[in-house]
Structure formats: structure tokens, C-alpha cells
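Engineer:
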Amino acid sequence: MTASPYLGEVVAFATMHGKERLAREAFHDVLGARVLAPAGLDTDAFGSFSGEVPRTRSPLDTARAKARLALARSNASAALASEGSFRSDFGWLTRHQELLVFVDDVRRIELVEVFTGPVDLPPARDVTTGERAVAFAETMGFPRQGVMVHADRAQGTEVAKDLRTPTALAEHVDRLAREGASLTITPDYRAHRSPARSDVIRRLCVRMAERLATPCPACAAPGYGRTDVRRGLPCQGCGEPTELPIADVHGCASCDATHLVPRTPPLAEPRWCDGCNP
Ligand SMILES: [Zn+2]
Ligand SMILES: [Zn+2]
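In this text, residue positions in the sequence shown follow this note's numbering: the first is 4, and each later residue adds one.
(1) Report all residues from its chain with a CB closer than 6 Å to the CB of Val117; omit the five preceding and five following residues, and keep chain order.
(2) Anything with a beta carbon under 6 Å from a heavy atom of ligand 1 counts; list them all in chain order.
(3) From which residue to which residue does the beta strand (DSSP E) around Gly159 run?
(4) Looking at ligand 2, does it come within less than 7 Å of Ala216, judged from the CB to the closest heavy atom?
(5) In chain order, what residues of the same chain have a beta carbon less than 8 Å from the beta carbon of Tyr9, not counting five sequence neighbours either side?
(6) When you compare the region 201-221 with the region 164-178, are there three or more beta-carbon pairs, one atom per stretch, that lie closer than 8 Å?
(7) Under three-state DSSP, which class holds Asp202?
(8) For Thr245, count neighbouring Cβ atoms within 10 angstroms of its own Cβ and tell me buried if that reaches 16, exposed if not.
(9) DSSP puts Val252 in a beta bridge; with which residues?
(10) Leaving aside the five residues before and after Met4 along the sequence, list all residues of the same chain whose C-beta is less than 6 Å from its C-beta, in chain order.
(11) Mind checking Leu263: buried by the 16 CB within 10 Å criterion, or exposed?
(12) Nearer than 7 Å: is that true of the beta carbon of Cys208 relative to any heavy atom of ligand 2?
(13) Output the distance between the C-alpha atoms of Glu161 and Arg181, rounded to the nearest integer angstrom.
(14) Assuming Glu86 and Thr59 make a contact with CB atoms under 8 Å, what is their CB distance in whole Å?
(15) Quick one: what's got a C-beta closer than 8 Å to Asp45's C-beta in the same chain, skipping five residues either side?
(16) With distances taken between CB atoms, is the gap from Leu270 to Pro248 smaller than 8 Å?
(17) When DSSP labels each residue in this structure, what does Pro244 get in the three-state scheme?
(18) Whose CA, out of Asp191, Pro57 and Val13, lies closest to the CA of His153?
(19) Grab me the residues of Pro2's own chain with a C-beta within less than 7 Å of its C-beta, minus the 5 sequence neighbours each way, in chain order.
(20) Within its chain, find whatever has a CB closer than 7 Å to the CB of Gly107; leave out the 5 residues flanking it on each side and keep chain order.
(21) Comparing alpha-carbon positions, which option in Met151, Ala199 and Ala173 lies nearest Asn134?
(22) Out of curiosity, what's the CA-to-CA distance linking Leu25 and Arg178?
(23) Which one or two residues does DSSP pair with Glu101 in a beta bridge?
(24) Less than 6 Å between C-beta atoms, sequence neighbours within five positions excluded: which residues of the same chain meet that for Arg274?
(25) Closer than 5 Å between the C-beta and any heavy atom of ligand 2: which residues qualify, listed along the chain?
(26) Exposed or buried, Arg67, counting other C-beta atoms within 10 Å across all chains shown (16 or more means buried)?
In C-alpha cells form, the structure reads like this:
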């Protein structure tokens, strides 16, 4: 711990809803740093899951902008921000990409850790009664996992995000249905209303803290770690390169140092090979 470059330092997490709590343990245990959330940040101004504020920048640029705002609104010289995207490709499988960005203005480094994976939450569903709304919400773990109710009416779309109990959800849906609204329920992906997303952010914070504790072998800057993958793992059958990764590229956020870390196993099964399994 005495080797930690962030010992005793404060890191600002750009969040309105307590994401700093997801980073605290890792940043304390691994780096000896404190994580705080600057007061009064409006991170929804960068776009929201409910769609009320459209997202105009890429997820990475959004996360960077949030981290910059946290730096501007705090005394910290380093900041964290996360940005999640959720996409339903085939109507039933939702994919989650979460980016965690770390910006250090003193050492002039920026690091990004990424999670990509399927979400164990259902995509949007239309509902017509409170009873059906509650039954659907409970399949995704409501009320621990939150829901958003989108109501389309002649006077426009309205999104309810803070229905915390089955009774409140049922009453809301029944009332709007009586008023002739068409209603759609989606999972609430905001971290403080989604245990699954919170877990992903917490794991990224662990990875980020461990990476910050890893100095570059060439220049000793913090944050040496995986920056890329190299594809072309040879096929077991014919020896031709496949699309599977052959190695991870580890690199420095400050200088040009890199090295390759080979993946195991050293050969790809022929089913991944365009030649053997076209
Ligand atoms: Zn082959
Ligand atoms: Zn370096």
C-alpha cells in the first residue's frame, strides 16, 4: 500500500445517485484513496435512460465529459465516471456495455475499463393493467430492481421512474390505462435502481484500482494494463489465423511502452476457423 501513487488522495466520482459507494472499497483497499461525489452534479444533462434528454455524444465522450465536470466541481485532481449503454438486438437479448473512465490531470493519464455482456433483464413490454405490470416487474426482481413506466398519450410521453412498491406501480398503470394511455415498462438501468448494473460498475472499479496500482515498467506511471487485444489465434486443424484473440496488449497510459501477454489455450478449435468450418 505504501507504494500506491494515490495514497491519501481524493478521487471525485461524477454521479448524482451514489455510484461513489461502488468505488470506495476498491479504491481504499487497493490504493488507499478516498472517493467522493461532488455535490450538485447534473449528470442527466449528458443524456438519460428514460430518453427525456437525448444522448448526443459517444458513451466514451460522455463519460469523459462527466469526469471533467467532476474535476471542475471538486478539489480532486483525479476523477471517475461511468457510462452504460443497453441495446436490444433481437428484441429479447439485451446487451450491456459499461465504460469506466479515470482521468488524472496531474499525471496526465486517462484510463478506460470496459465491460460488455448480456443483461439478465427483459426488454420493454407493453402492459394494459396494473396486475400485469406488477407480474412483469416481479420477473425482473422488482422492487429491488426498478422499473420505468412510459405512458404515451395525446398530450405527449410521460415517464414514471419512482414507483417503489407493487401497489404504487399497479395504481399508476391502472390510472393511466383508464385515461387511454399506451403503457410500456422497461427495466430502470440507473445504477442505484439496478443491482445487476451496480455489480458491473463495482467490478470495473476493482479492475481500475488494480490497474492504477500497477506501474509502467518503463516510466513508472500508474495504470499499466490491458489496452487492446491482438487477434489471429492459429487453428488447431490447419494452422491458419482465426478471429480469436492470440494475445492481450498491455500498455502505459503515459508513454509508449507495451508488451504482449499470450492467451491460453495456444490454438483455436477448428469450429472457429473460416477454412475448416466455413
Ligand atoms: Zn482451420
Ligand atoms: Zn510508461
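The C-beta atom is built at its ideal place from N, Cα and C for all residues, glycine as well.
Structural biologist: With the structure as the only source:
(1) Indexing the sequence shown from 1 puts residue 117 at position 114. So the list reads Leu102, once near-sequence residues are dropped.
(2) Cys238, Gly240, Cys241, Glu243, Pro273, Cys276, Gly278 and Cys279
(3) Within the sequence shown, the letter at position 156 stands for residue 159. It spans Gly159 to Ala163 - the beta strand (DSSP E) in which Gly159 sits, taken as one unbroken run.
(4) By one-based count along the sequence shown, residue 216 stands at place 213. It does not: the Cβ of Ala216 is nowhere closer than 7 Å to a heavy atom of ligand 2.
(5) In the sequence shown, residue 9 corresponds to position 6, counting from 1. For Tyr9, where only same-chain residues beyond five positions count, the Cβ hits under 8 Å are Phe30, Leu34, Gly35, Ala36, Ala81, Leu215 and Pro225.
(6) no
(7) In the sequence shown, residue 202 corresponds to position 199, counting from 1. Correct three-state label for Asp202: helix.
(8) Within the sequence shown, the letter at position 242 stands for residue 245. With 16 or more other Cβ atoms within 10 Å, it is buried.
(9) As a working note, residue 252 is residue 249 in the sequence shown. Paired residues: Asp231 and Leu263.
(10) Position 1 of the sequence shown, counting from 1, holds the residue named residue 4. The predicted position of Met4 is uncertain, since its pLDDT is 42 and thus under 50; a value taken from the coordinates is nonetheless stated next. So the qualifying residues of the chain are Gly35.
(11) Start at 1 with the first residue of the sequence shown, and residue 263 comes out as number 260. It counts as exposed.
(12) As a first step, residue 208 is located in the sequence shown; it is residue number 205 there, counting from the start. Answer for Cys208: no, Cβ out of range of ligand 2.
(13) On the sequence shown, residue 161 is found 158 positions in, with the first residue counted as 1. On the sequence shown, residue 181 is found 178 positions in, with the first residue counted as 1. Cα to Cα, the separation comes out at about 15 Å.
(14) In the sequence shown, counting from the first residue as 1, residue 86 sits at position 83. In the sequence shown, counting from the first residue as 1, residue 59 sits at position 56. That belief does not hold up - the Cβ atoms of Glu86 and Thr59 are roughly 13 Å apart, past 8 Å.
(15) In the sequence shown, residue 45 corresponds to position 42, counting from 1. Here the set comprises Met19.
(16) Sequence index remark: in the sequence shown, residue 270 carries index 267 (1-based). Sequence index remark: in the sequence shown, residue 248 carries index 245 (1-based). Not a contact, by the Cβ cut-off of 8 Å.
(17) Against the sequence shown, residue 244 aligns to sequence position 241. Pro244 falls in the strand class under three-state DSSP.
(18) Here residue 153 refers to the residue found at position 150 of the sequence shown. Considering only alpha carbons, the answer is Asp191.
(19) In the structure displayed, the chain extends from 4 to 281; residue 2 sits before or after that span and is not available.
(20) What you label residue 107 is simply residue 104 of the sequence shown in a count that begins at 1. In the sequence as displayed, the identity of residue 107 is Asp instead of Gly. Result list for Asp107: Ser80 and Ala81, in chain order.
(21) Indexing the sequence shown from 1 puts residue 134 at position 131. Residue 134 is actually Glu in this sequence, not Asn. Of Met151, Ala199 and Ala173, the residue nearest in Cα terms is Ala173.
(22) Reading the sequence shown from its first residue, position 22 is the one you call residue 25. Reading the sequence shown from its first residue, position 175 is the one you call residue 178. Leu25 and Arg178: Cα-Cα distance of roughly 37 Å.
(23) Numbered from its first residue, the sequence shown carries residue 101 at position 98. Per DSSP, Gly87 and Phe118.
(24) One-based indexing of the sequence shown puts residue 274 at position 271. Asn280, listed in sequence order.
(25) Cys219, Ala221, Cys222, Ala224, Cys255, Ser257, Cys258 and Ala260
(26) As a working note, residue 67 is residue 64 in the sequence shown. The residue in question, Arg67, is buried, as its Cβ has 16 or more Cβ neighbours within 10 Å.
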